[in-house]
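Data block below; observations after.
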Ligand SMILES: Cc1cc2nc3c(=O)[nH]c(=O)nc-3n(C[C@H](O)[C@H](O)[C@H](O)COP(=O)(O)OP(=O)(O)OC[C@H]3O[C@@H](n4cnc5c(N)ncnc54)[C@H](O)[C@@H]3O)c2cc1C
């Protein structure tokens, strides 16, 4: 029987493999793609969807359609467990799938701080598709009374979410919500002073507060408490506390890096189980830890495509080179952004317009294969 290729998650690192699925099926390799949704949402445009710059259709790929029109099988569900000795995946539904080669691009999640499910009006920056629900909730609540929004976390996604909440209220002709970013002790701590102050200035000029008086200790319906004991009322909270790799690998006792991501070598391959590959936020790249940014997932595309085919064909693998510095652009809402690349720092409308151009071009490239 022909070797079976299984892709877990149709994320950013699998885009090129998905676009070239016909090459696998034409060679006689059956391909199955497992995903919890018929669509994959492009995270770079997620805050823009929250802010109503983009509609959901603008920022998503029709994964199921693309798979099926190239002769692959799309399995709606979530992979829950891997048995690498027997090469069997178990889905949350209990369904079992055997593989000859498998590749994981199952992303990352935002830890929920052990919040009971009874706590209402709490959203996370991921999954991206839920940002639409958050947008509707914000507008409904804010239409009645001017709401207080607490954003927990002080990184780029906190900044992007804050600016786009302001934007969505503005373009919906609503009063501005009172938005506070609870950034711990330092806002945008891993960025240069120039980037930090440019982002902070753009937000504070529009009335968004940045609180750096200490870390959040707990969150309940209606309030947050800082480590100092100080309490702040909030009507809606956003968790933007950083992401963790999909927990499937730790649950399955696979080799992982310190963050729980699938440990892979320079070929994006699990050394202990060579028929397992992976890319994007769910891996830990052993040669050099990588930031959890879509840029790396996108750069991994050609290597994953080549190596999955090579693994099926029993040919040598290609090494992944993460490359150098990458272009950073934050969408801070109201048509404003901050761009940084090496020594270049740009703010305001031009930064947003460049991001919008790059993101729309990326989407057009991969949405073209849906036709
Ligand atoms: C608000 C926000 C904005 C960002 N903006 C940028 C930006 O502008 N530029 C940038 O470079 N980075 C950005 N990032 C970082 C970027 O989101 C991640 O690095 C990127 O999403 C990683 O891509 P991925 O494909 O690994 O994961 P994901 O995008 O999370 O994709 C994973 C896929 O796997 C699926 N999946 C999940 N669990 C399972 C399972 N058990 N079984 C099967 N399928 C599963 C999911 O449905 C999803 O389709 C942003 C992040 C956030 C939160």
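Numbering (the working numbering), first residue to last: 31 to 401. C-beta: ideal position from N, C-alpha, C; glycine also.
Backbone secondary structure at residue i - three-state DSSP
i: residue 247; result: strand
i: residue 233; result: helix
i: residue 218; result: coil
i: residue 38; result: strand
i: residue 311; result: helix
i: residue 351; result: coil
i: residue 324; result: helix
i: residue 356; result: coil
i: residue 126; result: strand
i: residue 148; result: coil
i: residue 294; result: strand
i: residue 109; result: strand
i: residue 398; result: helix
i: residue 361; result: strand
i: residue 158; result: coil
i: residue 176; result: coil
i: residue 119; result: strand
i: residue 56; result: helix
i: residue 265; result: coil
i: residue 91; result: strand
Cβ neighbours of residue i in the same chain (closer than 6 angstroms, five flanking residues each side left out)
i: residue 347; result: 297, 337 and 340
i: residue 103; result: 62
i: residue 211; result: 181, 188, 192 and 240
i: residue 358; result: 370
i: residue 356; result: 325
i: residue 377; result: 228 and 368
i: residue 214; result: 184 and 245
Pairwise C-alpha distance: residue j and residue i
i: residue 288; j: residue 393; result: 33 angstroms
i: residue 262; j: residue 183; result: 15 angstroms
i: residue 181; j: residue 58; result: 50 angstroms
i: residue 43; j: residue 388; result: 17 angstroms
i: residue 132; j: residue 38; result: 7 angstroms
i: residue 217; j: residue 250; result: 23 angstroms
i: residue 267; j: residue 364; result: 21 angstroms
i: residue 276; j: residue 253; result: 29 angstroms
i: residue 202; j: residue 380; result: 24 angstroms
i: residue 126; j: residue 65; result: 14 angstroms
i: residue 278; j: residue 309; result: 14 angstroms
i: residue 226; j: residue 366; result: 15 angstroms
Contact test: residue i Cβ vs ligand 1 heavy atom, cutoff 7 angstroms
i: residue 187; result: yes
i: residue 372; result: no
i: residue 73; result: yes
i: residue 66; result: yes
i: residue 141; result: no
i: residue 325; result: yes
i: residue 77; result: yes
i: residue 41; result: yes
i: residue 190; result: yes
i: residue 306; result: no
i: residue 109; result: yes
i: residue 156; result: yes
i: residue 322; result: yes
i: residue 179; result: no
i: residue 127; result: no
i: residue 353; result: no
i: residue 38; result: yes
CB of residue i within 8 angstroms of CB of residue j, strictly
i: residue 87; j: residue 305; result: no
i: residue 120; j: residue 110; result: yes
i: residue 46; j: residue 335; result: yes
i: residue 224; j: residue 374; result: no
i: residue 208; j: residue 236; result: no
i: residue 80; j: residue 171; result: no
i: residue 361; j: residue 157; result: no
i: residue 198; j: residue 169; result: yes
Same chain, Cβ closer than 7 angstroms to residue i, five either side skipped, listed in chain order
i: residue 114; result: 284, 303 and 306
i: residue 257; result: 244, 245 and 247
i: residue 173; result: 204
i: residue 190; result: 77, 360, 361 and 362
Proximity test, Cβ basis, 8 angstroms: residue i and chain C
i: residue 69; result: Protein chain content of the structure displayed is limited to a single chain, and chain C is not contained in it.
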